[in-house]
Amino acid sequence: MSEAAPSWRDRLLSDAPRSRREAKLGQLYRGWLQFRRNRLALLGLVIVVALVLVAAFAPWIATHHPYEQNLAQRLLPPGSQGHWLGTDEFGRDIFSRIVYGARITLYIVVLVALIAAPIGLLVGTAAGYLGGWVDAVLMRITDVFLAFPSLILALAFVAALGPGIENAVIAIALTSWPPYARIARAETLTIRNSDYIAAARLQGAGTGRILARHVMPLCLSSLTVRVTLDMAGIILTAAGLGFLGLGAQPPLAEWGAMVSSGRRYILDQWWVATIPGLAIFVVSLAFNLLGDGLRDVMDPRGKK
Amino acid sequence: MGGPAISVRDLFVTFGKGADAVRAVRGVSFDVAEGESFGLVGESGSGKSTVLRALAGLNRDWTGAASIAGLDVATRDARLPRIAQMVFQDPYASLHPRHTVDRVLSEPLEIHGIAEVDRRVTQALEDVGLGPAFRFRYPNQLSGGQRQRVAIARALMLQPRVLLLDEPTSALDVSVQAEILNLLKRLRATQRLTMILVSHNLAVVAHMCDRLAVMSRGIVVEEMDVATLRREEPKVPYTRQLLLASKGYDRAVAARMTNED
Numbered sequence: 013m014s015e016a017a018p019s020w021r022d023r024l025l026s027d028a029p030r031s032r033r034e035a036k037l038g039q040l041y042r043g044w045l046q047f048r049r050n051r052l053a054l055l056g057l058v059i060v061v062a063l064v065l066v067a068a069f070a071p072w073i074a075t076h077h078p079y080e081q082n083l084a085q086r087l088l089p090p091g092s093q094g095h096w097l098g099t100d101e102f103g104r105d106i107f108s109r110i111v112y113g114a115r116i117t118l119y120i121v122v123l124v125a126l127i128a129a130p131i132g133l134l135v136g137t138a139a140g141y142l143g144g145w146v147d148a149v150l151m152r153i154t155d156v157f158l159a160f161p162s163l164i165l166a167l168a169f170v171a172a173l174g175p176g177i178e179n180a181v182i183a184i185a186l187t188s189w190p191p192y193a194r195i196a197r198a199e200t201l202t203i204r205n206s207d208y209i210a211a212a213r214l215q216g217a218g219t220g221r222i223l224a225r226h227v228m229p230l231c232l233s234s235l236t237v238r239v240t241l242d243m244a245g246i247i248l249t250a251a252g253l254g255f256l257g258l259g260a261q262p263p264l265a266e267w268g269a270m271v272s273s274g275r276r277y278i279l280d281q282w283w284v285a286t287i288p289g290l291a292i293f294v295v296s297l298a299f300n301l302l303g304d305g306l307r308d309v310m311d312p313r314g315k316k
Numbered sequence: 006m007g008g009p010a011i012s013v014r015d016l017f018v019t020f021g022k023g024a025d026a027v028r029a030v031r032g033v034s035f036d037v038a039e040g041e042s043f044g045l046v047g048e049s050g051s052g053k054s055t056v057l058r059a060l061a062g063l064n065r066d067w068t069g070a071a072s073i074a075g076l077d078v079a080t081r082d083a084r085l086p087r088i089a090q091m092v093f094q095d096p097y098a099s100l101h102p103r104h105t106v107d108r109v110l111s112e113p114l115e116i117h118g119i120a121e122v123d124r125r126v127t128q129a130l131e132d133v134g135l136g137p138a139f140r141f142r143y144p145n146q147l148s149g150g151q152r153q154r155v156a157i158a159r160a161l162m163l164q165p166r167v168l169l170l171d172e173p174t175s176a177l178d179v180s181v182q183a184e185i186l187n188l189l190k191r192l193r194a195t196q197r198l199t200m201i202l203v204s205h206n207l208a209v210v211a212h213m214c215d216r217l218a219v220m221s222r223g224i225v226v227e228e229m230d231v232a233t234l235r236r237e238e239p240k241v242p243y244t245r246q247l248l249l250a251s252k253g254y255d256r257a258v259a260a261r262m263t264n265e266d
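For the protein sequence lines, the chains are A and B, in the order given. Taking the working numbering, the leading residue of the first sequence gets 13, the next gets one more, and so forth. Taking the working numbering, the leading residue of the second sequence gets 6, the next gets one more, and so forth.
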């Protein structure tokens with residue numbers, strides 16, 4: 013193993029890659045080497061990967077069924093009768109519910125990122141590159157969305173669309189794209205008058221091609237960093253909606269909703285509300301650390 | 006073909022509006038014959054690069070008439086990219102930081118649906134004196150001179166007849182400048198290019214061009230052939246001053262400089 017290692021390493025770090033794929037991989041590998049030096053970011057990555065694995069293998073990890081009620085065993089403290097993290101007010105195993113809740117958290121985070129980031133990227137780059145009235149119209153729409161606190165706007169959307177996890181996702185996505193549009197536009201403004209864009213125009217590249225292949229790739233790194241950092245906020249907003257009863261509906265094991273229902277017992281049975289709260293805290297922190305690490309690697313302004 | 010390869014008539018370029026308007030180019034006219042190498046010389050702010058950018062179609066706020074190979078530049082004819090291409094001054098700013106050399110060179114072919122991408126890219130790299138080892142590098146893995154070679158290769162991918170050069174060597178080390186100039190000279194001969202070279206450096210223009218126009222404050226003050234420049238017989242005082250200044254700093258020269266303001 014150790015004898016084979018130098019050869020692929022040298023190839024990845026070589027100054028003369030032999031194919032497009034090798035050039036790309038080399039670039040990634042260099043990024044990884046830099047990322048690896050940041051211990052905290054690595055910790056964030058480990059937690060996020062763990063979250064994904066837990067979500068993927070939830071049925072095998074959970075010790076109980078997350079919705080199975082057992083009123084004889086309600087509100088048991090952590091560690092008793094095979095319930096590692098105790099049970100809630102219906103005697104459901106909290107550990108299993110946390111494990112299944114990882115799926116919901118991940119579902120919300122990924123869906124919001126997949127909806128909001130492309131909208132922001134498209135609006136921002138189009139506004140920045142085309143300028144003129146397109147810019148004015150798109151950015152005023154963005155301003156309108158930015159003018160509302162996002163949780164309030166999400167509340168209004170959910171109230172209009174009806175509670176539920178899908179609607180929570182739509183509401184959060186609709187409120188979280190404006191900052192991405194802002195970032196993408198700012199980035200585009202610095203790029204659009206550069207010589208390499210002028211060169212692409214001279215070669216006859218159309219607006220769509222320049223936006224998709226020249227402008228967007230350069231906006232992508234700062235956007236990725238921002239989305240990762242925002243994931244903590246998305247989790248908290250989703251938890252907030254769940255807490256208010258507007259997100260995931262019972263009996264779904266959503267962490268925010270779990271905190272909300274445990275609130276009544278917080279003085280006598282602290283674990284019911286605290287443990288899902290801790291889960292939210294750890295995962296949010298992990299995304300923040302990961303985002304910070306990614307910024308060090310990907311943001312060209314941070315370098316040197 | 007008959008007519009000139011490039012023709013510029015009464016070109017005016019104004020930046021800004023109203024009181025802040027800067028009239029960067031004020032009525033420039035010149036012709037460049039097929040296969041000729043034409044120099045545009047002047048100090049910073051004389052409008053020489055502005056003329057070139059207008060001619061390339063990068064600046065649209067101009068009046069007058071400009072045509073390349075009989076095609077009106079103002080119409081943004083779709084054939085123009087395959088007729089005229091441009092090399093920029095700063096090779097550190099003219100290559101996309103996230104695109105490999107391979108992608109930079111194959112993109113123009115892709116846009117125009119030209120086949121045999123592999124062969125053409127390797128050939129282009131060879132033409133500008135870069136081996137196949139450079140093909141999959143990113144710009145940050147290249148030196149300034151190598152980047153400028155890539156930029157030249159990119160400009161030649163569509164096999165244009167006209168090459169517009171905006172101070173192609175002024176951002177480079179002196180030792181590399183000569184290499185790039187010789188490369189351009191060789192390419193001009195092998196690919197029968199018509200060139201316009203913008204430079205503030207009279208030595209570069211004398212080396213590269215057949216004929217030149219001296220610009221000052223947005224107008225062409227003198228047009229001459231390179232032989233006249235070599236004999237140091239310019240007619241206009243401004244050109245004589247430029248010629249003196251190009252010989253480097255000298256107290257005697259500095260004393261003889263007249264201030265036109």
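Don't be surprised by glycine CBs; every beta carbon is placed ideally from N, CA and C.
With a threshold of 7 angstroms between beta-carbons, can residue i be considered close to chain B, or not?
| i | result |
| --- | --- |
| Q215/A | yes |
| A35/A | yes |
| A196/A | no |
| P229/A | yes |
| A28/A | yes |
| Y192/A | no |
| Y208/A | yes |
Against chain A, with Cβ distances strictly below 7 angstroms, would residue i count as a contact?
| i | result |
| --- | --- |
| L146/B | This sequence places Gln at residue 146/B; Leu is not what is there. Yes, because at least one Cβ of chain A sits closer than 7 angstroms to the Cβ of Q146/B. |
| S99/B | yes |
| M200/B | no |
| P86/B | yes |
| F141/B | yes |
| A138/B | yes |
| I119/B | no |
| T105/B | yes |
| P113/B | yes |
| F93/B | yes |
| I116/B | yes |
| M6/B | Caution is warranted here: a pLDDT of 47 is assigned to M6/B, below 50, making its placement in the model unreliable, and the coordinate value is therefore given only provisionally. Output row for M6/B: interface = no. |
| L186/B | no |
| L63/B | yes |
How would you write the range of the alpha helix (DSSP H) that residue i sits in, first residue to last?
| i | result |
| --- | --- |
| E227/B | Unbroken run through E227/B is the beta strand (DSSP E), I224 to D230; no alpha helix (DSSP H). |
| A196/A | I177 to I203 |
| A59/B | K53 to A61 |
| G132/A | I106 to L142 |
| S180/B | V179 to Q196 |
| M243/A | M228 to F255 |
| Y41/A | R32 to R48 |
| A298/A | W283 to M310 |
| T127/B | V122 to D132 |
| Y243/B | P242 to A250 |
Tell me where the beta strand (DSSP E) around residue i begins and ends.
| i | result |
| --- | --- |
| F17/B | I11 to F20 |
| T68/B | W67 to I73 |
Considering only DSSP beta bridges, list what residue i is partnered with.
| i | result |
| --- | --- |
| G95/A | A quick correction: the sequence has His, not Gly, at residue 95/A. Paired residue(s): S92/A. |
| F35/B | V13/B |
| A89/B | V167/B |
| F43/B | I201/B and R216/B |
| V27/B | F20/B |
| L76/B | I73/B |
| S221/B | I224/B |
Who are the Cβ neighbours of residue i in its own chain at under 8 angstroms, not counting the five residues just before and after it?
| i | result |
| --- | --- |
| L25/A | G38, Y41 and R42 |
| D15/B | G32, V33, S34, T68, G69 and A70 |
| R235/B | A211 |
| P171/B | Correcting the residue identity first, residue 171/B is Asp in this sequence and not Pro. Counting only Cβ-Cβ distances below 8 angstroms, and skipping sequence neighbours, we find S54, L57, R58, M91, V92, F93, Q94 and V203. |
| V213/A | The sequence shown places Arg at residue 213/A, rather than the Val named in the question. Around R213/A: I222. |
Sorted by chain position, which residues of the same chain lie with C-beta nearer than 7 angstroms to residue i's C-beta, five sequence neighbours on each side aside?
| i | result |
| --- | --- |
| V133/B | R154, I157, A158 and L188 |
| A129/A | Y192, L235 and V239 |
| F47/A | A53, G305 and V309 |
| I224/B | R31, G32 and V33 |
| R222/B | S51 |
| D105/A | T75, H76, H95 and T99 |
| I73/A | V66 and V111 |
Decide if residue i is buried, meaning its Cβ has at least 16 other Cβ atoms within 10 Å, or exposed.
| i | result |
| --- | --- |
| I117/A | According to the sequence provided, residue 117/A is Thr. The question's Ile does not apply to it. T117/A comes out buried. |
| R33/A | exposed |
| W44/A | exposed |
| I195/A | buried |
| G118/B | exposed |
| M6/B | Its pLDDT being 47, under 50, M6/B is placed unreliably by the model, and nothing is read from it. |
For the ligand GDP, is there any heavy atom lying closer than 6 angstroms to the beta carbon of residue i?
| i | result |
| --- | --- |
| W72/A | Of the ligands one can find in the structure shown there are none, so the ligand GDP has no counterpart to examine. |
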